[in-house]
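Student:
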Amino acid sequence: MQPKTKSMEKIFKLFVFLFLITIISNAHVFAFNRSSNESFFLATVPPTVVSPLYLCQNSVAVPLTASPSGGGTLNWYLTNLPTEIPSAIAPTPSTTIVGSTTYYVTETIGGIESTPRTPIVVNVVADTGAIADIFRCDATQVTTSTSVFFDWSHVVGRTGNSYDYSYSIQGGPTVFGNTFLSGQEVFGVQPGQSVTFTILTVMGLPCYPTQTLVCSLPCVTTTTPTFSPIIDSYCINDVPSILPTTSTNVTPITGTWNPSIINTSTAGTIDYTFTPDPMLFPCALTQTLPVTVTPLVTPTFTTIPAIVCQNDPAPLLPLNSSNTTPINGTWNPAIVDTSLLGPVTYTFTPDSGQCTSATLTTAIITIDQVLTPTFTAVPAICSGDILTPLPTTSNNGITGSWSPALNNTTTTTYTFTPTAGQCATTTPLTITVNQKVLPTFSPVSAICSGAGLAALPTTSINGYTGTWLPALDDTVTTTYTFTPTSGQCATTATLIITVTPNVIPNFVDMPICSGSVAPVLSSTSPNGITGTWDPPAVDNMNSGDYVFTPNAPQCATTKTIKVTVNPSNTLVSIAWDVTDAFSKNQIITISVNGTGSYLYQLDYGPFQVSPTFENVASGIHSITVKEINGCSTPITENNVLVIGYPKYFTPNGDTYNDYWNIYELKDQSDVRIYIFDRYGKLLKDITPLGLGWDGIYIGKPMPADDYWFTVKYVEKGSVKEFKSHFTLKR
4 MQPKTKSMEK
14 IFKLFVFLFL
24 ITIISNAHVF
34 AFNRSSNESF
44 FLATVPPTVV
54 SPLYLCQNSV
64 AVPLTASPSG
74 GGTLNWYLTN
84 LPTEIPSAIA
94 PTPSTTIVGS
104 TTYYVTETIG
114 GIESTPRTPI
124 VVNVVADTGA
134 IADIFRCDAT
144 QVTTSTSVFF
154 DWSHVVGRTG
164 NSYDYSYSIQ
174 GGPTVFGNTF
184 LSGQEVFGVQ
194 PGQSVTFTIL
204 TVMGLPCYPT
214 QTLVCSLPCV
224 TTTTPTFSPI
234 IDSYCINDVP
244 SILPTTSTNV
254 TPITGTWNPS
264 IINTSTAGTI
274 DYTFTPDPML
284 FPCALTQTLP
294 VTVTPLVTPT
304 FTTIPAIVCQ
314 NDPAPLLPLN
324 SSNTTPINGT
334 WNPAIVDTSL
344 LGPVTYTFTP
354 DSGQCTSATL
364 TTAIITIDQV
374 LTPTFTAVPA
384 ICSGDILTPL
394 PTTSNNGITG
404 SWSPALNNTT
414 TTTYTFTPTA
424 GQCATTTPLT
434 ITVNQKVLPT
444 FSPVSAICSG
454 AGLAALPTTS
464 INGYTGTWLP
474 ALDDTVTTTY
484 TFTPTSGQCA
494 TTATLIITVT
504 PNVIPNFVDM
514 PICSGSVAPV
524 LSSTSPNGIT
534 GTWDPPAVDN
544 MNSGDYVFTP
554 NAPQCATTKT
564 IKVTVNPSNT
574 LVSIAWDVTD
584 AFSKNQIITI
594 SVNGTGSYLY
604 QLDYGPFQVS
614 PTFENVASGI
624 HSITVKEING
634 CSTPITENNV
644 LVIGYPKYFT
654 PNGDTYNDYW
664 NIYELKDQSD
674 VRIYIFDRYG
684 KLLKDITPLG
694 LGWDGIYIGK
704 PMPADDYWFT
714 VKYVEKGSVK
724 EFKSHFTLKR
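If you use our numbering, the sequence shown corresponds to residues 4 to 733, in order.
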């Protein structure tokens with residue numbers, strides 16, 4: 004029974020082992036309650052997450068991830084609230100706002116959800132432009148002669164970060180790695196090789212951009228690949244040589260050419276570059292071979308003339324073509340014979356070894372007879388007439404040009420020179436130019452304006468016919484132009500006819516007084532015109548018109564003047580009126596006893612038409628009245644009184660304005676003038692017959708100030724009183 008028991012034990016152990024494997028694979032914890040003999044499952048294991056996560060602001064986010072256990076289903080939550088319903092779709096974080104957001108995830112296995120919810124903290128970091136401000140190749144930190152050192156010890160951000168990086172040695176594979184250091188040494192670098200190092204990400208700095216730097220291990224010496232001579236010039240579609248991939252140096256250098264084979268299908272020059280193997284020969288230099296492919300050309304000749312004139316010197320046939328790359332060869336016949344008329348074919352055979360597409364090239368040279376150009380004679384012209392351009396093709400078909408330039412002022416012989424390439428000689432042609440003669444005419448005597456003109460002759464004294472312009476004008480001096488009729492070799496001629504303007508005798512109208520001595524009418528005007536009057540004498544009692552007629556042959560017009568007889572002694576007497584004494588605007592108005600027109604004068608000033616004078620100063624004035632034509636004796640009055648008072652005085656002893664008084668009242672002997680200060684205190688009473696007030700009161704000078712006065716006077720038979728003030732100035 005013992006073997007059977009052991010067999011059952013093995014079966015039982017196997018069952019337990021498989022059961023445990025099943026339990027473990029479903030991430031459950033199996034438990035047994037001995038008191039109740041019941042078994043049950045514990046909580047499901049939570050999923051595996053990476054937290055916290057760092058995202059750069061405004062970067063493109065992807066859905067969150069978590070690693071469930073085998074067979075588990077993920078449940079995603081936005082909060083930790085018990086009432087939230089989970090989603091099977093992983094949320095995609097927002098990166099627009101800087102800050103921290105917590106998301107939650109569970110997994111469900113066999114209908115049992117893991118607890119508690121597993122948080123995933125997502126930190127959105129502001130993009131501050133954090134970069135490695137010093138990312139450099141640092142030769143001072145290398146530890147071997149076959150390594151380079153990349154240093155980024157000054158990364159902007161916090162220290163102690165984890166850096167993901169990659170690098171590749173020139174021509175080698177890419178290596179990925181992670182480090183918490185701020186630098187990385189790359190080993191196994193040969194002289195001349197470069198290493199490309201990239202900082203991919205920085206833990207905690209999601210906005211850190213990828214940084215790439217290339218560091219090289221310098222070559223101690225360099226080698227230039229050398230090759231046996233390679234053909235570097237071909238004709239198009241020639242069979243090219245093969246470019247060697249190994250140099251002829253003592254230590255051969257292998258590499259590749261770019262382009263890899265020589266192409267002769269296209270004309271031009273192409274550089275072929277040999278690049279040594281960078282892994283085997285990093286310190287070997289590149290080598291360049293320029294290869295020129297020349298196109299096939301047909302020989303062309305630009306110096307061989309198509310036509311040669313008979314018996315001219317024979318042109319030489321060129322042994323090299325006119326192409327950009329000349330083709331050399333030989334001609335048959337080798338020499339041109341110009342003695343025989345007609346075309347001859349010459350054949351060019353290229354020498355071998357040239358890029359030419361033709362084996363034979365021909366040229367035809369025609370020997371022509373020499374001709375003399377013929378032209379129709381040109382009739383003589385007058386100097387200055389238009390010359391028609393001479394024909395550039397002769398009557399017998401020869402083209403060419405003339406010299407010198409046409410000249411229509413003098414007789415000239417012109418030479419026709421045939422255009423090159425024609426078998427023709429030069430030819431002369433003379434054009435006669437007759438000089439023009441000036442037509443002559445007898446002068447025309449000067450006339451007075453309006454006297455009339457006889458028609459001008461249409462044939463000159465020396466026999467040339469023509470016409471005159473402009474039309475005759477007997478009112479103004481004019482230059483007339485004679486234009487000969489066409490067909491005559493004559494120039495235009497001019498003739499000036501002087502027209503003297505008629506002068507107006509400058510006599511003027513005259514007024515005279517009735518009964519005065521009659522003036523004598525002069526027979527010569529002030530501007531020197533002589534003549535006679537009608538009537539011949541002036542009537543001193545009656546007004547009338549008198550006509551002056553100039554004597555012949557003076558160029559002058561008649562003149563009529565008017566003699567006006569004015570009445571005499573119309574001014575009998577004058578009177579005047581003055582505004583009241585002390586008026587602000589003193590006005591004198593004059594009245595006349597008489598019939599006529601008068602002029603008025605004040606104090607020998609200018610005479611005026613108005614009898615009124617305003618703003619007249621106080622004092623005695625004279626007035627004068629006269630008849631406007633002088634036919635009455637003027638009347639003058641010298642006792643016109645205007646009563647006013649001085650507005651100020653200056654008692655300073657200079658004899659000017661030292662006293663204040665109203666002298667215009669001196670004819671009224673009983674007038675008293677009382678002077679007061681501004682407070683009404685009587686300072687002085689004076690009479691117009693005395694000197695006046697000298698500014699003294701009780702022996703003392705009064706100060707500069709305004710002072711007041713009162714005066715009683717008689718005007719126009721009435722007693723009047725006037726009060727005002729004046730100024731004492733010191």
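Every residue gets a Cβ at the ideal spot worked out from N, C-alpha and C, and that includes glycine.
Considering Cα atoms alone, identify which of 491, 484, 733, 685 is closest to residue 711.
Tutor: Shortest Cα-Cα distance from residue 711 to any of 491, 484, 733, 685 involves 685.
Student: Looking only at DSSP bridge pairs, what is residue 605 linked to?
Tutor: 626
Student: List the endpoints of the continuous beta strand (DSSP E) containing residue 426.
Tutor: It is not in any beta strand (DSSP E) - residue 426 carries neither H nor E in the DSSP assignment.
Student: Given a cut-off of 7 Å, decide if residue 154 and residue 114 are closer than it, judged by their beta-carbon atoms.
Tutor: No, they are not a contact pair.
Student: If I measure Cβ to Cβ from residue 799 and keep anything under 7 Å in the same chain, skipping five residues before and after, which residues do I get?
Tutor: This structure gives no information on residue 799, because the portion of the chain shown stretches from 4 to 733.
Student: If you reduce the DSSP assignment to three classes, tell me which class residue 719 lands in.
Tutor: coil
Student: Using CA coordinates, which residue listed in 271, 550, 290, 190 is at the minimum distance from residue 231?
Tutor: 290
Student: Sort 552, 584, 464 by Cα distance to residue 510 and report the nearest one.
Tutor: 552
Student: Along the chain, where does the beta strand (DSSP E) that runs through residue 155 open and close?
Tutor: Note, residue 155: premise wrong, no beta strand (DSSP E); not H, not E.
Student: Select from 221, 713, 612, 130 the residue whose C-alpha is nearest the C-alpha of residue 724.
Tutor: 713
Student: Could you name the residues that DSSP lists as bridge partners for residue 140?
Tutor: 153
Student: Roughly how many angstroms separate the alpha carbons of residue 466 and residue 418, rounded to a whole number?
Tutor: 37 Å
Student: By Cβ distance, which residues of its chain are closer than 8 Å to residue 141, with the 5 residues on each side in sequence left out?
Tutor: For residue 141, the CB contacts under 8 Å within the same chain, skipping 5 residues up- and downstream, are 152, 153, 154, 186 in chain order.
Student: Assign residue 110 to one of three DSSP states: helix, strand, or coil.
Tutor: strand
Student: Run through the DSSP bridge pairs and tell me what residue 116 is partnered with.
Tutor: 111
Student: Does the contact criterion of 3 or more C-beta pairs under 8 Å hold for the stretch 687-695 versus the stretch 668-676?
Tutor: Yes, since at least three Cβ pairs between the stretch 687-695 and the stretch 668-676 fall closer than 8 Å, the two stretches touch.
Student: Taking the beta strand (DSSP E) that residue 274 belongs to, which residues open and close that run?
Tutor: 271-279 is the span of the beta strand (DSSP E), which, as asked, contains residue 274.
Student: Taking the alpha-carbon positions, what's the residue 534 to residue 456 distance?
Tutor: 25 Å
Student: Where does residue 513 land, buried or exposed, given buried means 16+ other C-beta within 10 angstroms?
Tutor: exposed
Student: In angstroms, rounded to a whole number, what distance separates the CA positions of residue 20 and residue 47?
Tutor: The pLDDT assigned to residue 20 is 42, lower than 50, so where the model puts this residue is not dependable; a value taken from the coordinates is nonetheless given after this. If you take the alpha carbons of residue 20 and residue 47, they lie about 21 Å apart.
Student: Rounded to whole angstroms, what is the Cα-Cα separation between residue 634 and residue 708?
Tutor: 56 Å
Student: Is residue 659 helix, strand or coil by DSSP?
Tutor: coil
Student: Between residue 596 and residue 617, is the Cβ-Cβ spacing less than 7 Å?
Tutor: no
Student: Span of the beta strand (DSSP E) holding residue 57?
Tutor: 56-59
Student: Say whether chain B places a C-beta atom closer than 7 Å to the C-beta of residue 226.
Tutor: Among the chains in the structure shown there is no chain B, since it carries only a single protein chain.
Student: Here's a check: name, in chain order, each residue in its chain whose Cβ is nearer than 6 Å to the Cβ of residue 357, leaving out the five neighbours to either side.
Tutor: 330
Student: Can you find the residues in the same chain that come closer than 6 Å, C-beta to C-beta, to residue 281, ignoring five residues on each side of it along the sequence?
Tutor: Short of 6 Å from the beta carbon of residue 281, and not among the five residues preceding or following it, lie these beta carbons of its own chain, in chain order: 173, 174.
Student: Pull up the DSSP beta-bridge partners for residue 512, would you.
Tutor: Answer is none; residue 512 lacks a bridge partner.
Student: What residue range is occupied by the uninterrupted beta strand (DSSP E) comprising residue 592?
Tutor: 591-597
Student: Considering only the alpha carbon of each residue, which of 398, 476, 593 lies closest to residue 504?
Tutor: For residue 504, the nearest C-alpha among the options comes from 476.
Student: Since residue 335 sits in a beta bridge, which residues does DSSP pair it with?
Tutor: 350
Student: Let me know the secondary structure DSSP gives residue 288 once reduced to three states.
Tutor: The three-state secondary structure of residue 288, taken from DSSP, is coil.
Student: Going by alpha carbons, who is nearest to residue 335 out of 439, 667, 322, 464?
Tutor: 322
Student: Looking at C-alpha atoms only, which residue of 507, 464, 433, 473 is the closest neighbour of residue 451?
Tutor: 507
Student: Could you tell me the boundaries of the beta strand (DSSP E) in which residue 524 lies?
Tutor: Where residue 524 is concerned, there is no enclosing beta strand (DSSP E), given that its DSSP letter is neither H nor E.
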